[in-house]
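Since the structure comes first, as structure tokens, the remarks are kept for the end.
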Amino acid sequence: MSMQERIRSVEERIAAACERSGREIGDVHVIAVTKYVSLDTAREAFASGLSNLGENRWQDAQEKWLALSGNEQAKDEDKPIWHFIGSLQTNKVKDVIGKFTYIHSLDRLSLAEAIHKRAVQLGINVPCFIQVNVSGEDSKHGLQPEDLPVFLNKLADYPGVRPIGLMTMAPYESEPEETRPVFRALRQLRDEVRESSIHAEALIHLSMGMSNDFEVAIEEGATWIRLGTTLVGKEEE
Ligand SMILES: *Cc1c(COP(=O)(O)O)cnc(C)c1O
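Under the UniProt record's numbering, think of the first position of the sequence shown as 1, with each following residue one higher.
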């Protein structure tokens, strides 16, 4: 399939999932995850209208970021909007903050502090998703759901961090329907913390759903889905 065909197919599947769940298509945003593809393919994705690109490691993203966003003379609208979706080491914060607009993997206060300090240096604040380990798998990063309220209150100490929502990853299931409880739990968690948190106004987004399970995630309220394989493909090294 060509990139255009894949984009059209994903758009149709998003539209159908929205239809089934009574949601507006405009409320579901797509991040094209380019971590498995070359610079040329990432460039093609952006040129095809996928304006939000996601990467999970700075070392791997660097070449693409420099090529697509490194020209300081170019206008912002001619550059992708970058999402950092992988776990972020504190010593990489200086590389990533300022280049990636959104961070999807805020999972500890030491990271919040590092992001805040860098953001203050740059005179910005950074929209962040707080990653929650809803499924409870040891291999997944993220806060335990019960730790979220306290974490959110402590974030007030780091105004360079602007919480905008929650992020989770479901375990891979051969039957995507089986991911539904994970996505539903994240939505319920967001609804609960919005009632009590000082960040209630801001905590609206849900970053959830990948190639294998994005339709279920949309039905459960995803506002950002992160699509690699099914949208931009996967290339061998
Ligand atoms: C790789 C990755 C994705 C995209 O994975 P696909 O299954 O190829 O769509 C989404 N989110 C995160 C956090 C990832 O690391």
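Note that the Cβ used here is the ideal one computed from N, Cα and C, for glycine as well. Small disclaimer: the values here were computed from a predicted structure and weren't measured.
Item: Spatial distance of ASN212 from ASP78 (CA atoms); Value: 30 Å
Item: Strand pairing of CYS128, partner residues [DSSP]; Value: ILE103 and PRO163
Item: Any non-hydrogen atom of ligand 1 closer than 7 Å to GLY22 Cβ; Value: no
Item: Buried/exposed call for GLU11, threshold 16 Cβ in 10 Å; Value: exposed
Item: Collapsed DSSP secondary structure at SER207 in the structure displayed; Value: strand
Item: Closer than 5 Å to ligand 1: residues, by C-beta to nearest heavy atom, in chain order; Value: VAL33, ASN56, ILE85, MET210, SER211, ARG226, LEU227, GLY228 and THR229
Item: Neighbourhood of GLU5 by C-beta distance below 8 Å, restricted to the same chain and skipping five residues each side; Value: none
Item: Whole-angstrom C-beta distance between PHE183 and VAL220, which should lie under 8 Å; Value: The question names Val, but residue 220 is Glu in the sequence shown. Sure, about 4 Å apart at Cβ, within 8 Å.
Item: Beta-carbon proximity check, LEU68 vs PHE46, cutoff 8 Å; Value: yes
Item: Proximity of VAL96 and ASN125 at Cβ, strictly below 8 Å; Value: no
Item: Cα-Cα separation between ALA32 and SER197, rounded to whole angstroms; Value: 31 Å
Item: Other residues of its chain near residue 241: CB distance less than 8 Å, five sequence neighbours each side excluded; Value: Since the first residue of the chain shown is 1 and the last is 237, residue 241 is not available in this structure.
Item: Residue interval of the alpha helix (DSSP H) (run including LEU152); Value: 148-154
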